[in-house]
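A quick write-up on the structure given underneath.
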Amino acid sequence: MFAMTVDTAMNEVSQILLNAQHEDNNIRYAAESDLKQLQECDFPNFLLSLSAELLSNKSRSRRLAGNILKNSLDERYSEDGDPLINQWISLDQLIKSKIKESLLITLGSLEPEAWHASAQVIAKVAYVEIPRQEWPDLIGKLLANMAMQDAPPSLKQATLEALGYVFEEILRLGVDEVNAVLNAVIQAMSQAEQSSEVRLAAVKALQNVLKHANFANDDCRDLIMSAICDTAESDEGEMIKQEAFGCLVVIASKYYTMLEPYMETILSLTTKALKGGVKSGALQCMEFWITICKKVIELREQNKCCFIEKPLLLVVPDLLETLLSQEGDDSPQSISLRGVACLGGVARAIGDAIVPLAMLFVEGCIKASDWQSRKAATLAIYVILEGPSVEKLAPVVCLLLDKMEDPNMEVRGIATCTLRRVFELLHFPARENRIFTYANLPRIVAVLAKRSKDVPEVSEEACGAIYFLAKGYESNTSELGHSKKEISSELSPFVSGVIYVLLSTSALAKDTPFRLPPSASAYEALCEVVKVCNIQDFKALVAIEVLVPRIMRRLNTVLDAKASSSDDERNKCDLLVLLCGVLHVIIQKLGNKFAVWRTPFVLLLFCRVLICKCSTARDKAVLAIGALADATGPDFADHMPLLLQYFNVKLLFPTYLQVIGNIFQVLGERILPYCDCIMGVLYEGVSKSKLKSPILECFGVIALALGKNFEKYLQSVKEKLKEAGNPRYYANATDEDKVDYDNQLIKGKLRAYSNILRGTKDPMSWLTVAADLFEFAATVRKDQSRCT
Numbered sequence: 001m002f003a004m005t006v007d008t009a010m011n012e013v014s015q016i017l018l019n020a021q022h023e024d025n026n027i028r029y030a031a032e033s034d035l036k037q038l039q040e041c042d043f044p045n046f047l048l049s050l051s052a053e054l055l056s057n058k059s060r061s062r063r064l065a066g067n068i069l070k071n072s073l074d075e076r077y078s079e080d081g082d083p084l085i086n087q088w089i090s091l092d093q094l095i096k097s098k099i100k101e102s103l104l105i106t107l108g109s110l111e112p113e114a115w116h117a118s119a120q121v122i123a124k125v126a127y128v129e130i131p132r133q134e135w136p137d138l139i140g141k142l143l144a145n146m147a148m149q150d151a152p153p154s155l156k157q158a159t160l161e162a163l164g165y166v167f168e169e170i171l172r173l174g175v176d177e178v179n180a181v182l183n184a185v186i187q188a189m190s191q192a193e194q195s196s197e198v199r200l201a202a203v204k205a206l207q208n209v210l211k212h213a214n215f216a217n218d219d220c221r222d223l224i225m226s227a228i229c230d231t232a233e234s235d236e237g238e239m240i241k242q243e244a245f246g247c248l249v250v251i252a253s254k255y256y257t258m259l260e261p262y263m264e265t266i267l268s269l270t271t272k273a274l275k276g277g278v279k280s281g282a283l284q285c286m287e288f289w290i291t292i293c294k295k296v297i298e299l300r301e302q303n304k305c306c307f308i309e310k311p312l313l314l315v316v317p318d319l320l321e322t323l324l325s326q327e328g329d330d331s332p333q334s335i336s337l338r339g340v341a342c343l344g345g346v347a348r349a350i351g352d353a354i355v356p357l358a359m360l361f362v363e364g365c366i367k368a369s370d371w372q373s374r375k376a377a378t379l380a381i382y383v384i385l386e387g388p389s390v391e392k393l394a395p396v397v398c399l400l401l402d403k404m405e406d407p408n409m410e411v412r413g414i415a416t417c418t419l420r421r422v423f424e425l426l427h428f429p430a431r432e433n434r435i436f437t438y439a440n441l442p443r444i445v446a447v448l449a450k451r452s453k454d455v456p457e458v459s460e461e462a463c464g465a466i467y468f469l470a471k472g473y474e475s476n477t478s479e480l481g482h483s484k485k486e487i488s489s490e491l492s493p494f495v496s497g498v499i500y501v502l503l504s505t506s507a508l509a510k511d512t513p514f515r516l517p518p519s520a521s522a523y524e525a526l527c528e529v530v531k532v533c534n535i536q537d538f539k540a541l542v543a544i545e546v547l548v549p550r551i552m553r554r555l556n557t558v559l560d561a562k563a564s565s566s567d568d569e570r571n572k573c574d575l576l577v578l579l580c581g582v583l584h585v586i587i588q589k590l591g592n593k594f595a596v597w598r599t600p601f602v603l604l605l606f607c608r609v610l611i612c613k614c615s616t617a618r619d620k621a622v623l624a625i626g627a628l629a630d631a632t633g634p635d636f637a638d639h640m641p642l643l644l645q646y647f648n649v650k651l652l653f654p655t656y657l658q659v660i661g662n663i664f665q666v667l668g669e670r671i672l673p674y675c676d677c678i679m680g681v682l683y684e685g686v687s688k689s690k691l692k693s694p695i696l697e698c699f700g701v702i703a704l705a706l707g708k709n710f711e712k713y714l715q716s717v718k719e720k721l722k723e724a725g726n727p728r729y730y731a732n733a734t735d736e737d738k739v740d741y742d743n744q745l746i747k748g749k750l751r752a753y754s755n756i757l758r759g760t761k762d763p764m765s766w767l768t769v770a771a772d773l774f775e776f777a778a779t780v781r782k783d784q785s786r787c788t
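Each residue of the sequence shown is one higher than the last, beginning at 1 in the UniProt record's numbering.
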């Protein structure tokens, strides 16, 4: 029901708009309802009333009128499938003309909120009408405002804003219109224009007009670049200069290849801005160079010529100085962080050429008395790591090791983080050119060991560095004739010490076993060290053997401990994942060398994890059980009674089913005494929708593993497969989730049939399974609505 009649509401739209901003919820909700119903019942007059309200001098109501009017023409605010712009197109021409006339008149308002809203609405209307040739005189009328003698600054400002929005919205405009607007905007940017607000609006508008300019034309390009550079170099307000640099950013992204003749001037401007001490200007300068670097990298990837190396080299010293900024601001828009981003881009763009300049800065600051300078020097190394070659960067390792002994925690932290990044990007021991030699390794390990006992922030970075140090030995070692054993043996003398350090770092706290940082990174590093160590080396093998009981004790402690809060519960889950992960890696590494007498104890721990609440931990535990079965071989059958105590429908999940299938393959005929129990659980579980597809696949794997021994279960499995293939699962499937579920079910069933056919030895049984498969395939093919 209407709160009032449509005619009454139209006459009282001002009051409704005011009520829609009322602090009383009841009044506000009623007004919002009235507005919505007016829009639905009389859209033409609704827009007309809003445009009249925007034109009025009622400041409180006209602001909301402008917002509603803009949103009424914006496709993004359409709630149904019918775009709002279609409603505008269908309006009577007379009403549209009245609305457009009101909008143009509103540009002359002295109230910024009114003409700002009008400028936005004009652009929305232009977006709809100009491509349809329905507002051909719009640009001309806006230009007339700019050319008007004694036009108030507010009108010019509003008009420039409208032009900017129009050029942002419209994809294509006539050449003559673009040139006329370009001339008007550039004229408004000049010193002849006395209003700084108008000049600012002009520079902002130019950023959108640039996208349509004929930059390939020398005269046009010179005119634009001259206007922008003059504005950026003048004594204008900082906002104007900032927007002028914004224009350069637009040009760099769109017309980079045409910038070479102007690069000397631009370099001079950006250098002054970087040294000028004004944050906004410096940030825009760096944004310009970041954009340039992106274009250089893009062109180089396309094997196209780049001219920019010399200007980039010249700007590097000023960018390095930004690292010394002490704003106390960690936001992405701080001077120092944008300097980091910009220097990283330069390093990727020019490679080795940046290293001498960066090292000059490093050498000047690395031994300074103030820690901020030492931190900046270390940070300079970090930001240039992507781009230069290993040969050029090799000397930084020793510098970083020195700074990891710095008395200041922040310097130690950034040095350790940088070394971690060095190992991540540049550590490939199998290659001829290495970031460090074997002679450096003892010191590297010693310093990392020391830092792993530092404050948590530094310790975590040290563990990360150990992780990537070890991971480097996992790389392809076939290069240059190196053997994997030869390369990984480099770490062997240090494995025992590194494992001890990582265990100490990740030790469970006495008051609570759920401490995570920096434990997480320590366990990840531990896994990587185990992966790459050479177990043919006796010391390395002993170190891993000693590690097993310690990890088992920790896992038992965490399982026994009670979480008293949600944070504890999350940390407990994370620790279970990490500890199961370490044991999994150890079992995989040792294989059949894993002590047989430990198997039941480890298996019991994993089974206990299977009944915890954390799904990720359950996944990790069951994968480790699979690895344990692989390592133990057929003798794992001796431990099946224990595992089957934790094998029931409530505990089943897809990964568990995959592992059960693998266990069948490992044990072969030794699984037969336990088959009835396992198949019974699977028969029960196949009725669960989330388990249906993986259980069907599991049937196939079991059939393949058992061969002739599967005959006992074949008839029951065929029935389950037929039930799962009932057409009711596939008919008229239109819902996306249902289609996905059904597709998974089809895949599961096809894999099951495939493996059953491969495993079945009896010819008659084989034919019956094949017949079922053809029947199922025909059913699926009949389903015309399925997306394949």
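Idealized CB from N, CA, C, for every residue including glycine. Predicted model, so just to flag it, every value in this text is computed and none were measured.
Item                                                                                                                                                 : Value
In its own chain, which residues sit with a C-beta less than 7 Å from the C-beta of E479, not counting the 5 before and 5 after it?                  : A caution first: E479 carries a pLDDT of 46, below 50, which makes its placement in the model unreliable, though a value can still be read off. Contacts found: A430, R431.
On the CB-based measure, 16 or more other CB atoms within 10 Å of its CB, does G174 come out buried or exposed?                                      : exposed
Counting C-beta neighbours from all protein chains within 10 Å, is the total for R553 16 or more, i.e. buried, or is it exposed?                     : exposed
Rounded to whole angstroms, how far is the Cβ of A617 from the Cβ of C573, which I believe are closer than 8 Å?                                      : 6 Å
Shortest alpha-carbon distance to L547 belongs to which of S565, K562, A507, P152?                                                                   : A507
Using only the alpha-carbon positions, how far apart do F245 and Q284 sit?                                                                           : 6 Å
With C-beta atoms as the reference, is V383 less than 7 Å away from V340?                                                                            : yes
How many Å lie between I660 and G626 at the Cα?                                                                                                      : 8 Å
Out of I544, A509, Q665, point me to the one whose CA is closest to V498's CA.                                                                       : I544
Under 8 Å: do the region 182-191 and the region 134-141 share three or more Cβ pairs, one atom per stretch?                                          : no
For T760, which three-state DSSP category applies?                                                                                                   : coil
Give, in chain order, every unbroken run of the alpha helix (DSSP H) that is at least 4 residues long and sits entirely within the region 604-675.   : 615-632, 640-644, 654-667
Helix, strand or coil for G81 per DSSP?                                                                                                              : Legend: pLDDT at G81 = 39, less than 50; position of this residue unreliable, value from coordinates given subsequently. Correct three-state label for G81: coil.
Quick check on DSSP: helix, strand or coil for M146?                                                                                                 : helix
Can you tell me whether A192 is helix, strand or coil according to DSSP?                                                                             : coil
Select from E111, K589, M764 the residue whose C-alpha is nearest the C-alpha of V542.                                                               : K589
What is the DSSP secondary structure of S483, reduced to helix, strand or coil?                                                                      : At S483, the pLDDT of 49 sits below 50, so the modelled position is not reliable and the matter cannot be decided from this model.
Can the beta-carbon of L357 be found less than 7 Å from the beta-carbon of C342?                                                                     : no
Once you ignore the five residues that flank G413 on each side, which residues in its own chain have a CB closer than 7 Å to its CB?                 : E457, V458, E461
Where does P311 sit, in a helix, a strand or coil, going by DSSP?                                                                                    : helix
Nearest CA to the CA of I240: which residue from V249, E12, V250, I228?                                                                              : I228
Keeping to the same chain, check which residues put their C-beta closer than 7 Å to that of F468; ignore five residues upstream and five downstream. : R420, F423, E424, H427
State yes or no: is the C-beta of L107 within less than 7 Å of the C-beta of W115?                                                                   : yes
At least one CB of chain B closer than 7 Å to the CB of A777: is that the case?                                                                      : Although the question refers to chain B, the structure presented lacks it and comprises just one protein chain.
Hey, would you say E697 sits closer than 7 Å to G748, going by beta carbons?                                                                         : yes
Just curious, the alpha helix (DSSP H) that E405 is in, first and last residue?                                                                      : Where E405 is concerned, there is no enclosing alpha helix (DSSP H), given that its DSSP letter is neither H nor E.
Could you tell me if A216 is buried or exposed, where buried requires 16 or more neighbouring beta carbons within 10 angstroms of its beta carbon?   : exposed
Let's test the definition: count the other Cβ atoms within 10 Å of the Cβ of K690 and tell me whether it reaches 16, buried, or not, exposed.        : exposed
Tell me the DSSP secondary structure of V529 in three-state form.                                                                                    : helix
How would you label Y29, buried or exposed, when you count the other beta carbons within 10 angstroms and need 16 or more for buried?                : exposed
What number of angstroms, rounded off, separates the C-alpha of D511 from the C-alpha of S564?                                                       : 12 Å
Assuming N433 and V390 form a contact by the criterion Cβ under 8 Å, report the distance between their Cβ atoms to the nearest whole angstrom.       : 5 Å
Would you mind reading off the limits of the alpha helix (DSSP H) that contains S369?                                                                : That residue, S369, is in no alpha helix (DSSP H); it is neither H nor E in DSSP.
Quick check on Y438: buried or exposed, where buried means 16 or more other Cβ atoms within 10 Å of its Cβ?                                          : exposed
Can you give me the start and stop residues for the alpha helix (DSSP H) that H116 sits inside?                                                      : 112-129
For V717, which of S687, N743, N26, Y741 has the nearest alpha-carbon?                                                                               : S687
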